[in-house]
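The working numbering numbers the first residue of the sequence shown as 16 and each following residue consecutively. C-beta atoms are modelled at their ideal positions from N, C-alpha and C, and glycine is treated no differently. These notes concern the structure reproduced below.
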Amino acid sequence: MIKHLKLVAPSWDELFVDTIRLAEMIESSGFKPDVIVAIARGGWIIGRLLSDFMAQPNITDIRVEFYKDIYATEPKPRITQSIGTDIKGLKVLVADDVADTGESLIITVEYLKSLGAEDVKVATIYVKPWSKIRPDYYVKKTDAWIIFPHEVRETIDKLYLKWASEGKTIDWMLKTLVDSGMKREYAEYFLKKASRSDENYTVA
């Protein structure tokens, strides 16, 4: 566990602008995808924006989930929802919000190539230093825990449980979230939801 957890909370506006930058990188490279494949769920927003910014209406998605084999010490990725279109001979752009471990991106690229894709490129907004794959296109590198605007409640619920188990107060949690860049009213709203679902914790 990271001793001093770093957080960053990009706003919708920041994500919008960063995705414009991502689209420009892809177009500047000369790569023209025939189809965009968004990795569910984080890649949905990025994939849809890229579809618009790059004027490429052909978009589909794929779901990768992690399971733990009885002989494995770490969860392994597997495809649990395939794409809904034929990509044989096509140039494919894989879209996701972040390359964290990189495992889901690696298995996705391998899978798409096995389906006969002519070329597969990966585009993400963020990449973590420890990712096992370096996206072909990315905007930012960070080692922080990213609180995306499209998964605020999900992330705050996880952070709340961690912090509550460490004895952190609601005031401390609120300040930490606001310092990360999150609007105070959003932080307050979702912290209240998280605390109300925890019968063992009292809101300060």
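Query raised in the report: So is Gly-131 buried or exposed if we call it buried at 16+ other beta carbons inside 10 Å?
Result: As a first step, residue 131 is located in the sequence shown; it is residue number 116 there, counting from the start. With fewer than 16 Cβ atoms within 10 Å of its Cβ, Gly-131 is classed as exposed.
Query - Cα-Cα separation, Tyr-153 to Ile-98 - result: One-based indexing of the sequence shown puts residue 153 at position 138. One-based indexing of the sequence shown puts residue 98 at position 83. Cα to Cα, Tyr-153 sits roughly 23 Å from Ile-98.
Report task. Rounded to whole angstroms, what's the CA-CA distance from Arg-78 to Arg-63? Just pull it up for me. Result -> For the purposes of this step, residue 78 is taken as the residue at position 63 of the sequence shown. For the purposes of this step, residue 63 is taken as the residue at position 48 of the sequence shown. Across the structure, Arg-78 and Arg-63 are spaced so that their CA atoms are roughly 15 Å apart.
Requested in this report: Quick one: grab the DSSP three-state call for Trp-145.
Outcome: Taking the sequence shown and counting its residues from 1, the one referred to as residue 145 is at position 130. If DSSP states are grouped into helix, strand and coil, Trp-145 belongs with coil.
Query raised in the report: With which residues is Phe-81 paired in a DSSP beta bridge?
Result: Against the sequence shown, residue 81 aligns to sequence position 66. DSSP lists Pro-92 as partners of Phe-81.
Query - Beta-ladder partner(s) of Ile-4, from DSSP - result: Here the chain comprises residues numbered 16 to 219, so residue 4 is not present and cannot be evaluated.
Query raised in the report: Can you name, in chain order, every residue of its own chain whose Cβ lies under 7 Å from the Cβ of Thr-34, other than the five neighbours on each side?
Result: The count along the sequence shown starts at 1 and reaches residue 34 at position 19. Ile-61, Leu-64, Leu-65, Phe-68, Ile-140, listed in sequence order.
Requested in this report: Have a look at Tyr-86 and Glu-118 and give me their C-alpha separation to the nearest angstrom.
Outcome: Against the sequence shown, residue 86 aligns to sequence position 71. Against the sequence shown, residue 118 aligns to sequence position 103. Confidence at Tyr-86 is low in this model, with a pLDDT of 48, below 50, so the placement of that residue should be treated as unreliable; the coordinate-derived value is given next. In this structure, the CA atom of Tyr-86 is about 18 Å from the CA atom of Glu-118.
Report task. Whole angstroms is fine: what's the gap from Val-109's alpha carbon to Glu-181's? Result -> Residue mapping note: residue 109 aligns to position 94 of the sequence shown, counting from 1. Residue mapping note: residue 181 aligns to position 166 of the sequence shown, counting from 1. Val-109 and Glu-181: Cα-Cα distance of roughly 38 Å.
**Report entry** Among Pro-164, Ser-146, Met-188, nearest to Lys-156 - alpha-carbon criterion
**Finding:** For the purposes of this step, residue 156 is taken as the residue at position 141 of the sequence shown. Per the C-alpha coordinates, the member of Pro-164, Ser-146, Met-188 positioned closest to Lys-156 is Ser-146.
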